[in-house]
Structure formats: C-alpha cells, structure tokens
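So the structure is just underneath, and the comments pick up after that.
2 protein chains.
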Amino acid sequence: MKDHEKEFLAQYRPEDFPRPSVAVDVVVLTVQDGKLRVLLVARKEHPFKGKWALPGGFLRVGKSSRDQGEDLDAAAARELEEETGLSPSQVFVEQLAAFGRANRDPRMRVVTIAYFALVRPDLLALVRPGGDASRVKWTAVDEALDPKNDHERLAFDHADIVRAARARVIERLETSPIAKNLVPEPFTIPELRATFETVSGKKLDRGNFRRKFAQLVERGVVERAPGKRATASKPAAVYRFRDATR
Amino acid sequence: MKDHEKEFLAQYRPEDFPRPSVAVDVVVLTVQDGKLRVLLVARKEHPFKGKWALPGGFLRVGKSSRDQGEDLDAAAARELEEETGLSPSQVFVEQLAAFGRANRDPRMRVVTIAYFALVRPDLLALVRPGGDASRVKWTAVDEALDPKNDHERLAFDHADIVRAARARVIERLETSPIAKNLVPEPFTIPELRATFETVSGKKLDRGNFRRKFAQLVERGVVERAPGKRATASKPAAVYRFRDATR
DNA sequence: TAAATAGTGTCTATAAGACATTATCTC
DNA sequence: GAGATAATGTCTTATAGACACTATTTA
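In order, the protein sequence lines correspond to chains A and B. Here the first sequence stands for residues 682 to 927, where the numbers follow this note's numbering. Here the second sequence stands for residues 682 to 927, where the numbers follow this note's numbering.
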C-alpha cells in the first residue's frame with residue numbers, strides 16, 4: 682500500500698500541467714500625521730515600470746518534492762524585511778486574501794497571496810528601505826485610492842488589495858486589540874482615540890471612548906505606564922498594552 | 682515607452698522560475714439532522730488514496746499570456762458544480778483563505794485557495810454527486826474533525842481548512858444574513874434558531890431570539906410567507922428572506 | 001487669567017440576558 | 001384534557017450616544 686504511493690510519487694510529473702506563478706504582496710500600513718499610510722515601491726521593471734506598487738515578490742519554491750521551499754507566511758515576512766528592514770517580531774502580519782483574476786498581470790497568470798502588516802509609528806524611524814530610498818514612499822491610503830490621481834494609479838490590481846486591507850483593519854479594530862500595532866508605545870488615551878478615528882474615518886466621543894478604554898484596563902489588556910506625556914496643555918497619562926496581547 | 686513594454690513581455694520567460702501548483706478546494710457546508718455537515722470526497726488516487734478530502738482541483742491556467750485561464754471564483758464554482766451539480770446561483774460561495782504550507786502535498790508544492798459554500802437544506806435533494814455517489818458523503822463537521830477518528834483523518838491539511846471555514850461561518854452568522862443559505866425556504870423562527878444553535882454550538886433563548894428576529898422583519902431583511910408549518914404541536918408561522926439579501 | 005485639552009459625570013435610549021406567562025395546535 | 005411548543009411579555013442589567021462639567025497644564 683505504502684509502496685504503491687511511493688511509486689506513484691516517483692512517477693508523478695508536475696510539469697505536465699501549466700501552472701500559474703504565485704506571488705506574495707504585503708500591504709504595510711501605519712498611521713502618521715493623522716493619516717493611514719501604506720508603503721509603496723516604485724516598479725523598476727515592466728510591466729507597470731515606474732508605477733507605484735505594493736512590496737512583494739514571487740514565492741520561493743524548491744525544485745524537488747522534498748524541498749518545497751518557503752511557507753506563505755515566511756515569504757510575506759521575507760518581503761517585509763527586504764523592503765523595510767523590520768522583522769515579523771516587531772510587526773503584526775496576517776494573511777488578507779488571495780487575488781487571482783485572470784490577466785491581472787499581462788506577463789502571465791499570477792495568483793497573489795496578499796498580506797497586511799501594521800507598523801507602530803514609533804518604529805518608523807527604524808525602517809530602512811532595501812535598495813534606494815527614492816524607490817519607496819509612505820502614501821496616504823486615501824490618496825493612493827483617489828480615482829482623481831489617475832496618473833498615479835497603482836500597478837496591477839493593487840488598489841483593490843489596499844481597499845480590502847483597509848476594510849479588514851477597520852473590521853478588526855473593533856473586535857481585536859490590533860490597535861496595539863498602530864499606536865506608539867507607550868501611548869495616551871487621546872492618541873489611541875485619534876488612531877481609531879483616522880483608521881475608521883469616524884469621529885469618536887471623548888467621554889465614551891474613555892469609558893470603553895476603562896474596560897480594557899479592567900480586563901488587563903492595557904496598563905498604566907510610568908510618567909506623563911507633555912503636550913501644549915494638560916499632560917496626559919500614558920498606557921501600554923500588556924505583553925502577550927496582539 | 683509602450684513599445685519597450687511590449688518587447689519586454691515578448692521576451693519574458695515564465696518558465697525560468699520554478700512554480701507551485703495552485704489548487705482550489707471548497708468546504709461545502711449544510712445543516713442536516715441538527716448537525717453542521719461538510720461534503721467530502723474519497724480520493725481516487727495517490728496521495729491519500731482512499732482518504733476523505735474536500736472537493737477541489739487544480740486551477741485551469743491558459744497556455745499563453747493572452748488566454749490566462751479561469752478566475753479563482755470561477756474555478757471554485759466549477760469544482761462545486763462538478764461535485765454537487767449545484768450552480769453558484771443557488772449557493773453562497775465565498776473565498777476563505779490561501780493555504781500553502783510547504784509539504785502539505787507530498788507530490789510537489791501546492792498552494793490551495795480555499796472557498797466555503799453554503800447549501801440550503803431544501804436543496805440537498807438536488808445534489809447529484811459527479812461520478813459515483815459512493816465516493817461522496819456528507820459528514821458531520823464534529824466527526825470529521827474529531828481527533829479520535831484517527832483512521833478517518835482528512836487528507837492533506839483539509840482538517841485545518843474545515844476548521845477555518847467553520848470559524849468563519851460562525852463569525853459571519855452574527856454580522857451578516859448568511860443564515861439565509863443554511864435554512865430551508867421558507868422557514869420558521871424555531872428552525873432558524875435551531876440552525877444558529879447547531880452552527881455556533883450554543884443554546885439560544887427562545888424569547889430573546891424572537892426579539893432579534895423582529896428587528897430583521899422591521900428592517901425588511903425577512904418577511905412573512907403565506908401558510909404555516911405543521912408540526913407535532915402548535916404550528917409555526919413561516920418566513921422568507923427577501924430578495925437581494927445574502 | 002485665558003486657551004487648550006485631559007479627565008469625569010450624568011441622563012437617556014437601546015440592546016441583551018433571564019425567565020415567567022399565554023396561545024394554539026395534536027393526540 | 002394533557003402534552004408540546006409557538007408566541008408574547010416583563011424585569012433587570014449592560015452598553016452606547018450625546019453632552020455638560022471639572023481639572024491641570026502652558027503661554
């Protein structure tokens with residue numbers, strides 16, 4: 682029985698069927714200057730040469746059935762690190778969805794597995810774009826998706842992917858503590874509220890937000906940090922997410 | 682400029698890089714006999730010959746850059762139709778996620794795009810399994826995932842995929858009207874409640890459930906249907922989801 | 001002291017949980 | 001009439017929205 686399987690595998694020829702290419706693209710998001718921003722890379726080659734695109738690349742696949750190459754998550758982490766110098770331990774990364782419309786790439790059939798990553802604003806200083814920095818920029822998501830920016834349209838179907846990522850983050854913001862990965866460490870309540878507002882695009886009541894926040898403290902998701910944040914007016918108390926929280 | 686791109690595309694050799702295979706698998710779910718059930722197919726060939734697996738197959742990719750083959754959604758719809766005879770117009774289908782761990786298939790690197798589909802129980806009679814019916818069965822999800830059923834373990838990483846599908850459906854049950862695709866048409870309030878209970882695995886209070894349901898009627902999501910459902914005791918009023926609802 | 005913003009309190013409307021009561025059918 | 005379950009009502013508690021008020025800093 683088991684021998685039959687071995688024999689079968691030995692004779693199997695994957696080359697007999699045409700196969701698509703598989704890529705991994707990462708929507709790297711942060712909040713800066715009161716805007717949700719996405720990391721874009723200028724394409725060096727055709728197709729869409731010179732256009733802005735998401736960082737990404739082809740999945741590395743081994744050549745034998747033994748060595749089958751890197752996992753999808755590893756590929757996403759690798760692309761992120763190559764393009765930003767940030768390791769997955771510092772950054773929240775999660776799979777978004779697969780995008781595989783025929784003709785989304787004029788070269789050939791490409792199915793891309795899209796991921797999104799959240800970079801805390803206080804880590805932005807550590808970002809070292811791989812290659813030359815002029816090729817990389819943080820663009821406001823609203824701008825990147827603005828249909829009036831016709832001359833700066835994103836390459837491929839990357840606008841769709843960014844839209845999906847934003848929708849996913851907004852959804853998760855209310856049901857999970859991913860906000861941790863979008864506020865500086867430590868942070869003040871008004872800062873956290875501002876982050877929610879810029880990501881969701883909605884104004885939030887100060888008092889009501891504090892009340893919700895108080896629940897997070899009670900549940901031990903978040904805790905006071907020493908010191909205060911100096912501002913132009915009354916300084917604010919600072920907090921931090923407790924470990925083992927995402 | 683544009684000419685450069687044409688030239689580039691003409692010279693591009695996708696064959697130069699090793700590529701994974703891309704498959705599409707579908708978690709077809711329904712509720713029957715008070716259980717959430719998944720459609721499984723016995724594998725005819727190695728690997729995992731004779732084991733139960735999700736219906737699925739390889740993505741059809743065209744041979745030229747012009748004809749790039751079918752969309753992912755189309756491939757999922759095709760697999761569904763081949764295995765059940767049901768068309769996507771009768772069934773709710775949505776992408777779940779990509780699963781692409783190295784070595785999840787011993788033959789070669791395979792990345793699968795998993796979908797889930799919901800089949801209304803009153804459509805089960807229409808299901809005509811492609812090929813011989815003995816190869817297909819509706820298994821209770823709890824059973825398929827029971828670690829004690831060691832001898833009947835699902836092929837590949839399909840247990841992971843089924844788990845993810847169930848989690849997604851439970852999540853969506855509360856935030857969208859997908860329940861429409863899991864109750865017969867028309868249905869009674871107790872039937873709908875039972876469906877929620879079997880999918881989520883939680884008991885729900887009758888009175889409170891009715892109150893929630895009343896909101897759906899007010900919002901026009903659902904409406905009274907003529908007649909009543911005869912039961913062993915007091916008959917229940919029947920309802921139906923209004924069109925353009927998913 | 002004025003301006004600014006952090007932080008608190010309160011009133012109301014809505015929704016959720018628990019559970020008791022009534023209504024209508026079959027046998 | 002008994003048993004079963006559909007259908008309704010009620011009491012309590014928790015949560016969300018709107019908004020007024022107090023506190024503490026800088027300039």
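Yeah, the Cβ is synthetic: ideal placement off N, Cα and C, and Gly gets one too.
Where the beta strand (DSSP E) through B:P907 begins and ends
DSSP places B:P907 inside the beta strand (DSSP E), whose first and last residues are 903-910.
Candidates B:G908, B:L805, B:A913, B:H839: which alpha carbon is nearest B:Q713's?
Cα-wise, what sits closest to B:Q713 is B:L805.
Tell me the residue span of the beta strand (DSSP E) that contains B:L720.
Residues 716-723.
Minimum C-alpha distance to B:P699 - residue among A:K730, A:E751, A:L721
The shortest C-alpha to C-alpha distance from B:P699 to any of A:K730, A:E751, A:L721 is the one to A:E751.
Just checking: is the beta-carbon of A:R724 within a distance shorter than 8 Å of some beta-carbon in chain B?
No, A:R724 does not count as interfacial toward chain B.
For A:R891, which residues of its own chain have a beta-carbon under 7 Å away from its beta-carbon, when the five flanking residues on both sides are left out?
Exclusion of the five residues before and after A:R891 leaves I870 as the residues of its chain whose Cβ lies within less than 7 Å of its Cβ.
Proximity of B:L799 and B:L897 at Cβ, strictly below 8 Å:
Taking a C-beta distance under 8 Å as the contact criterion, B:L799 and B:L897 do not qualify as a contact pair.
Where does A:F894 fall in DSSP's three states?
Helix.
Could you name the residues of the same chain whose beta carbon sits closer than 8 Å to that of B:R834, not counting the 5 residues immediately before and after it, in chain order?
For B:R834, where only same-chain residues beyond five positions count, the Cβ hits under 8 Å are K732, A840.
Measuring CB to CB, does B:A795 end up less than 8 Å from B:A778?
In this structure, B:A795 sits near B:A778, with a CB-CB distance shorter than 8 Å.
Quick check: A:R921 and A:E866, are their CB atoms within less than 8 Å of each other?
In contact: A:R921 and A:E866 (Cβ atoms closer than 8 Å).
Which residue from A:R874, A:A913, A:V903, A:K893 puts its Cα closest to that of A:L885?
With distances taken between Cα atoms, A:L885 lies closest to A:R874.
Beta carbon of A:V708, beta carbon of A:I842: below 8 Å?
Yes.
Limits of the unbroken beta strand (DSSP E) element including A:F773
Bounds of the beta strand (DSSP E) holding A:F773 are 773-780.
Write down the C-beta distance between B:E762 and B:S770 rounded to the nearest angstrom, noting that I regard them as a contact closer than 8 Å.
That belief does not hold up - the Cβ atoms of B:E762 and B:S770 are roughly 11 Å apart, past 8 Å.
Proximal chain A residues relative to B:D752, where beta-carbon distance stays under 8 Å:
Taking a Cβ-Cβ cut-off of 8 Å, the neighbours of B:D752 in chain A comprise G781, R782, A783, given in sequence order.
Cβ distance (whole Å) where A:L854 is taken to contact A:A860 below 8 Å
Contact holds; Cβ gap of about 6 Å.
Short Cβ contact (8 Å threshold) for A:V902 with B:V703:
Pairing A:V902 with B:V703 gives a Cβ-Cβ distance that is not under 8 Å.
Between the beta-carbon of A:E775 and the beta-carbon of A:P736, is there less than 8 Å?
For A:E775 and A:P736, no; Cβs fall outside 8 Å.
Distance, B:E904 Cα to B:R923 Cα
Each residue's Cα considered, the two are about 6 Å apart.
Can you tell me which of A:L720, A:W819, A:V864, A:K909 puts its alpha carbon nearest to the alpha carbon of A:R801?
Ranking A:L720, A:W819, A:V864, A:K909 by Cα distance to A:R801 puts A:V864 first.
Count the other CB atoms, across all protein chains shown, that sit within 10 Å of the CB of B:D786; report buried if there are 16 or more and exposed otherwise.
Under this definition B:D786 is a buried residue.
Assuming A:A821 and A:R747 are in contact, meaning their beta carbons sit under 8 Å apart, how far apart are those beta carbons, in whole angstroms?
Under the criterion of beta carbons closer than 8 Å, A:A821 and A:R747 do not qualify as touching, at roughly 46 Å.
Residues of chain A with a CB under 9 Å from the CB of B:F739: which are they?
In chain order: F698, R700.
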